[in-house]
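>
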Amino acid sequence: MNSKTSNIFLAVISFLIMDLTSAQAHRDFLALIRQDCKDDGEICALNSECCSRYCVNFVCGNCKEIGEMCGWHTDCCSGYCWGLTCYPCQEIGSVCVINAECCTKYCINFICNNCLIKGSTCLFDSDCCSGYCSMFVCVRTI
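For what it's worth, our numbering labels the leading residue of the sequence shown as 7, then goes sequentially.
1. Just verifying my parser: in three-state terms, what is the DSSP assignment at Leu26?
2. DSSP state of Ser132, grouped into three classes?
3. Classify Ser140 as helix, strand or coil using the three-state DSSP reduction.
4. Compare the Cα-Cα distances from Ile49 to each of Cys66, Cys43, Met75 and report the closest residue.
5. On the criterion of 16 or more Cβ atoms from any shown chain inside 10 Å, does Leu26 qualify as buried, or is it exposed?
6. Suppose the cutoff is 6 Å on Cβ atoms and the five residues either side in sequence are ignored; what does the same chain contact list for Arg59 look like?
7. Measuring straight from C-alpha to C-alpha, what distance separates Cys76 and Cys109?
8. Determine, using beta carbons only, whether Val145 and Ser136 come nearer to each other than 8 Å.
9. Which one or two residues does DSSP pair with Leu122 in a beta bridge?
10. When the Cα atoms are used, what is the spatial distance from Lys124 to Gly47?
11. Considering only the beta carbon of each residue, do Ile117 and Cys102 sit closer than 8 Å?
12. Given this structure, state the Cα-to-Cα distance separating Asp81 from Thr127, to the nearest angstrom.
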């Protein structure tokens, strides 16, 4: 190996070592500032902050069972809060008004159903499995 090649080789090795070291330092720094999830009993604003995945009345904890008092659909284990009370989700074929009432999370034409596949007639993006309703037809993407 000549001296020029040797110098280039050393420069590349040095760069790789420094880059790896700085990447490790960056990762270690992020680990220090990254907020871990909050334990039950800690104050929260969002479900995503809690290890339990439930922030109910601004406190991390368990979801509310059927019959318990709730303020939001996300407070309930069933995902359905109506009139400040947790209710069981409705099965396919049941009458519904909103998606949260249905176990499938799809209330289409006031009936709990599965999401609509590409090519199906739709009214809302939320009716379609893809999440896109264009010109009253479910499409893959817009």
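Every residue, glycine too, gets a C-beta built ideally from N, C-alpha and C.
Let's see:
1. For the purposes of this step, residue 26 is identified with residue 20 of the sequence shown, where counting begins at 1. Low confidence applies to Leu26: its pLDDT is 48, below 50, so where it sits in the model is not reliable, and the reading given next is rough at best. Looking at Leu26 - three-state DSSP - the assignment turns out to be helix.
2. Stepping through the sequence shown from its first residue, residue 132 is reached at position 126. Ser132 falls in the helix class under three-state DSSP.
3. For the purposes of this step, residue 140 is identified with residue 134 of the sequence shown, where counting begins at 1. Of the three classes helix, strand and coil, the one that applies to Ser140 here is strand, per DSSP.
4. Position 43 of the sequence shown, counted from the start, is the residue given in the question as residue 49. The shortest C-alpha separation from Ile49 is found at Cys66.
5. In the sequence shown, the residue the question calls residue 26 occupies position 20. Confidence at Leu26 is low in this model, with a pLDDT of 48, below 50, so its placement is unreliable and no value can be given for it.
6. The sequence position of residue 59 within the sequence shown is 53, counting from 1. The residues are Asn53.
7. In the sequence shown, residue 76 corresponds to position 70, counting from 1. In the sequence shown, residue 109 corresponds to position 103, counting from 1. Looking at the two C-alpha atoms, the distance is approximately 18 Å.
8. Against the sequence shown, residue 145 aligns to sequence position 139. Against the sequence shown, residue 136 aligns to sequence position 130. Going by C-beta atoms, Val145 is nearer than 8 Å to Ser136.
9. The residue labelled residue 122 in the question sits at position 116 within the sequence shown. In the DSSP output, where bridge partners are listed per residue, Leu122 has Cys134.
10. Reading the sequence shown from its first residue, position 118 is the one you call residue 124. Reading the sequence shown from its first residue, position 41 is the one you call residue 47. Between Lys124 and Gly47, the C-alpha separation is close to 44 Å.
11. Along the sequence shown, one-based indexing puts residue 117 at 111. Along the sequence shown, one-based indexing puts residue 102 at 96. Contact flag set, yes.
12. On the sequence shown, residue 81 is found 75 positions in, with the first residue counted as 1. On the sequence shown, residue 127 is found 121 positions in, with the first residue counted as 1. Straight-line Cα distance between these residues: approximately 33 Å.
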